[in-house]
Amino acid sequence: MKFRTETLIIGGGATGVGILRDLALRGIPSLLIEKGDFASGASGRNHGLLHSGGRYAVSDPEAARECIAENRILRKIARHCIEETDGFFVSLPEDGLDFRDRFLRACEEAEIPTSLLARDEALVLEPELNPDLLSAVKVPDGAIDPFTLILENARDAEEHGAKILLHTEITSLILDGDEVKGARGKDVIRGEEHTFEASYIVNATGAWANQFLRRAGLRIGIALSKGSMLITNQRLNHRVINHCRPPSDGDIVVPNHTVSILGTTSVRSEDVEDFEVTSQEVDLLIRQTSRMIPALREARLIRAYAGIRPLFMSEEKGDDRAISRGFVLIDHEERDRMKNLITITGGKLSSYRLMAEKTADLICKKMGRDTPCSTHLKPLPGANRPTGLKERLKRFSVDGGEVLCDCELVQRKEVEEFLGKEKLSDFQDILRRTRLAKGTCQGGFCVYRLFGMLHDLGMIERDSNKKLKAFLEERWKGIRPIAWGTALKEEELIESIYKGIFNL
Amino acid sequence: MHYDVIVIGMGLSGLMAAKTAVEAGKKVLIIGKGMGSLCLFSNTIDVLGKVPDGIEMNEGLSRWISGHPNHPYSKIGIEKIEEALSSFISLFPPPYSFQTVDNKNCLLPTGAGTLRPTYLIPTTMVGGISLPKENTLIVGFRGFKDFYAHHVADQLKCRGISLQLPYDSFRELSASALARLMERESFRETIGTEIKKQLHGETHVGFPAILGIHNSVQVKDGLEKITGATVYEIPILPPSIPGKRIFDRFKEWLIQKGVTFLLGNSVSNSILKGRRCEGIEVFRPPLISSYSADRYILATGRFVGGGLKANDERIFEPIFNLPLPQPESREGWFRKSFFSDLFHPIYQAGILTDSSFRPVDERGDHMLENVWVPGTILAHHHAIDEKSKEGIEIATGYAATIYALGT
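Read top to bottom, the protein sequences are chains A and B.
So in this note's numbering, spot 232 of the first sequence is number 232, and the numbers just go up one at a time.
One rule links them: number in this note's numbering = place in the second sequence (from 1) + 1000.
As structure tokens, then:
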């Protein structure tokens, strides 16, 4: 098919979808294409932290200011995607109090509100904390659900006239001398080929930025840094728990729904697609985070995962943590004399809206328009929807059909609703849109049931066991690094079912 | 209380050990924290799925034994394996009996629509063997989430239907609830009549394995009478109702023979004196009870059964802390690919024994003189890949007890 649009956005992560909504609200027609599903890169593979900016206050004051400003905005426009947990920066005996005092001053400068809690006060609020802690500084950290955030941005953009093509990849760029005129692409599931004509192309591919730019013969200085995380079977903390020391491995535990997420590491990576969590990383994360919450040493883990952060290098530095987590917006006309091409990369989930705003501002400037940004004012469509456990339980109804996922209480009806609402091309898309397979068994039971249901509805090809095996193979990547204790028992159970009973 | 034999573990190997001991006239106590993996995975009796097509099991086992000198089967030998299987079969007189197809493996359909090789099959599954597939109708139930007729039928290239249950109040049903319903004649009548209406010339009807817990042959016969088709059961996700039938039969028989049956208790500690076990302790808060015997059979299974445990550094055996060969580090336990053609190295971890199933260390020195170890906790087998789980459990449970009583 042939598409003609004003702005073509490549990449369905938080940034791309944020730009799509921003432009749509300004009345600029745009089209987004994504080679997988929404949030399949770093946007969906992080610890789901809504930064207060505290983590960057000492090392990167500019990023810290951005964070706290965006934090305040997101609490208004995306209330339903956020749990306002607050966060602690915990000082342990080995840390001393020098860094904490610098931290307090830096937060004040960046206008991040803090309050200092003594050991006993902190322990009353977070009983699992290391009882030897010296003090805790409270900051407005929070937990954010990236997937809902991105879906809601996409939904609102579409309501304002934007178009989205998922599972569509760019095959080449249409170049005319020093001008980019559009791109050619392909639906990776159906094989259909498309041509996109656009006045502007935005490269919002995150870690894939250079892979995309190669098609225009360009390259920018970004480093790929793998961050690994672990998920526990229980939620051990109510607030985000940070280690009050210079940024380092394993210095954060984020509460998320019914679990806690331990993060993170920072390892240089060469490959954007093929990476794994090593046992050294797992051991390191447990060793470090259990200094803050000792129960993590014995906690049952249900999964390990990693994401690739694109870090912009303004200059060569040895440690990736010294590279700014701020974002970079490149007008390739200025940098490389390649007209109509813009790259936005780096940054973090918490600042996705600001990144989108700056990108849309640049496009408006190029177009000679002065429509202002309104994404900081207009709440996302679902923002007034009540949230919380009570709401979830209300949705859980007697006529919702069988509970497909016993760990996360996902009923058949909920899945059927998604199937009806969106044209989902892949069962993985269903997994991203529901809590299915996010619980203790990690899809060991419920994905088999999902396949069964898709067969009932005639929505999957007859020979689906290959896909079932592929899912179990993918699931294994997250289980293998943490397979001991109860998780190992679970693994023997799953192996006995699929290789044993089912002879797959 | 003092016994002749204490069996720890109520999976198939422990039950076989208790049977063998009580048949020799011994006073037996069997302790289990649960019903073992029997009620999770066992539907039929796998002996060795790796036997090539068309080869009889005896021949297959002989070849296997000569190629795998350390395998548990090789410690037992063909003759005793046969005795063990006969002993098992004798516990299941008709109607619910176990049989082979010409002493060879046969292929049975599964809940994923695949076929799997197995050896001894119960009466209720016989109808599913080597079907011309288009002759079969697969039946599932709305509200029963562990079996999907269309999934199975699509893979097997036959027809599937999903039946609405006659009772509106049953929105979700477990395997055991459905199995109990099937035991009601009126329920069968409704289901059977509906199926008969929907048959389009199919001669066979495949159900998930939920055709009654206690009188499943009667359930099967009843459905056959109404539908006029051959009815058979298909193994599905855990829990396994056919596994429960096996467990219930053993339990009934063992109790009748005077075996003391202690279900729901796990052994927390062993009392050792030199190389002898002098007793075991069962912790039932707030009390600790002790039991002693002349001989102990450790049949606690692998990780699911609780016979083996693992922390982030090593794998261990929690009751006697028996030595356990294993890969050097955690990183080496599993391969990168879940469905790797090569087995995961963690299966090297298992208890080493001498030829009479007494535990030894890596040098072959005896650890305990009055403890014998049968079942999947043993080293040198890969039961899941070999499709040998129940065979190993039955044969080693029997043989280890014979050796134990012979000393």
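For every residue, glycine included, the Cβ atom is placed at its ideal position computed from N, Cα and C.
Spell out whether any CB of chain A is found under 7 Å from the CB atom of residue 995 (chain B). This structure does not reach residue 995 (chain B), given that chain B is present from 1001 up to 1407, and the question cannot be answered.
Residue 416 (chain A) by DSSP, collapsed to three states: which one? helix
Does residue 1011 (chain B) pass the burial test, meaning 16 or more other C-beta atoms within 10 Å, or should it be called exposed? buried
Return the bridge partner residues of residue 558 (chain A) from the DSSP annotation. Any property of residue 558 (chain A) remains undetermined from this structure, which presents chain A solely from 1 to 504.
Kindly provide the ranges of any alpha helix (DSSP H) runs that are 4 or more residues long and lie completely inside the segment 383-467 of chain A, ordered along the chain. 389-395, 412-421, 427-433 and 446-456
Inter-residue CB distance, residue 373 (chain A) and residue 156 (chain A) (contact presumed, cutoff 8 Å): About 14 Å separates the two Cβ atoms, so there is no contact after all.
Determine, for residue 161 (chain A), whether the minimum Cβ-Cβ distance to residues of chain B falls below 7 Å. no
Residues of its chain near residue 360 (chain A), where Cβ-Cβ distance is below 8 Å and the 5 sequence neighbours each way are ignored: 19, 22, 23, 26, 28 and 373
Among B:1120, B:1369 and B:1364, whose alpha-carbon lies nearest the alpha-carbon of residue 1274 (chain B)? B:1369
Strictly below 8 Å CB to CB, what residues from chain A border residue 1111 (chain B)? 501 and 502
Per the DSSP calculation, residue 1129 (chain B) is bridged to which residue(s)? Looking at the DSSP assignment, residue 1129 (chain B) forms no beta bridge with any residue, so it has no partner.
Applying a beta-carbon distance threshold of less than 7 Å, which residues of chain B neighbour residue 452 (chain A)? 1148 and 1151
Quick one, which of A:13, A:168 and A:89 has its alpha-carbon nearest residue 133 (chain A)'s? A:89
Using a Cβ cut-off of 7 Å (strictly closer), state whether residue 218 (chain A) contacts chain B. no
Which class does residue 153 (chain A) belong to by DSSP, given the choice of helix, strand or coil? helix
Starting from residue 229 (chain A) and walking both ways along the beta strand (DSSP E), at which residues does that stretch end? 222-232
Pull up the distance between the alpha-carbon of residue 1322 (chain B) and that of residue 1316 (chain B), whole angstroms please. 7 Å
For residue 1334 (chain B), three-class secondary structure by DSSP: coil
Throw me the rounded Cβ distance for the residue 993 (chain B) and residue 1008 (chain B) pair, which I believe falls under 8 Å. Given a span of 1001 to 1407 for chain B in the structure shown, any question on residue 993 (chain B) remains unanswerable.
Answer with yes or no whether the minimum CB distance from residue 317 (chain A) to chain B is below 7 Å. Residue placement at residue 317 (chain A) cannot be trusted, given a pLDDT of 40 that sits under 50; the coordinates are not used to answer.
By the 10 Å Cβ neighbour count, where 16 or more other Cβ atoms means buried, how is residue 1233 (chain B) classified, buried or exposed? buried
Under 7 Å Cβ-Cβ, which residues of chain B neighbour residue 103 (chain A)? The contacting residues do not exist; residue 103 (chain A) stays about 32 Å from chain B at best.
Would a C-beta distance cut-off of 7 Å place residue 231 (chain A) and residue 201 (chain A) closer than the cut-off? no
Can you tell which of B:1344, B:1374, B:1399 and B:1397 has its C-alpha closest to the C-alpha of residue 491 (chain A)? B:1344
Going by the DSSP bridge assignment, what does residue 200 (chain A) pair with across the sheet? A:7
Which residue marks the beginning of the alpha helix (DSSP H) containing residue 210 (chain A), and which one marks its end? 209-213
Residues of chain A with CB closer than 7 Å to the CB of residue 1334 (chain B), please, in chain order. 480 and 483
Does DSSP put residue 99 (chain A) in a helix, in a strand, or in coil? helix
Among A:474, A:294, A:125 and A:33, which has the Cα closest to the Cα of residue 165 (chain A)? A:33
Among A:41, A:503 and A:199, which one has its Cα closest to the Cα of residue 364 (chain A)? A:199
Closer than 9 Å at the beta carbon, the chain B residues around residue 512 (chain A): This structure does not reach residue 512 (chain A), given that chain A is present from 1 up to 504, and the question cannot be answered.
Using a Cβ-Cβ distance under 7 Å, would residue 1294 (chain B) count as near chain A? no
Out of B:1276, B:1265, B:1349 and B:1020, which has the shortest C-alpha to C-alpha gap to residue 1085 (chain B)? B:1020
Less than 6 Å between the CB of residue 268 (chain A) and some heavy atom of the ligand HEM, yes or no? You won't find the ligand HEM in this model; it holds no ligand whatsoever.
Pop quiz: residue 1192 (chain B) and residue 1223 (chain B) are said to be a contact at Cβ under 8 Å. What is the actual Cβ separation, rounded to whole angstroms? 5 Å
Starting from the beta carbon of residue 1354 (chain B), find every residue of chain A whose beta carbon is closer than 8 Å, and list them in chain order. Per Cβ cutoff of 8 Å: no residues; residue 1354 (chain B) is ~27 Å from chain A at best.
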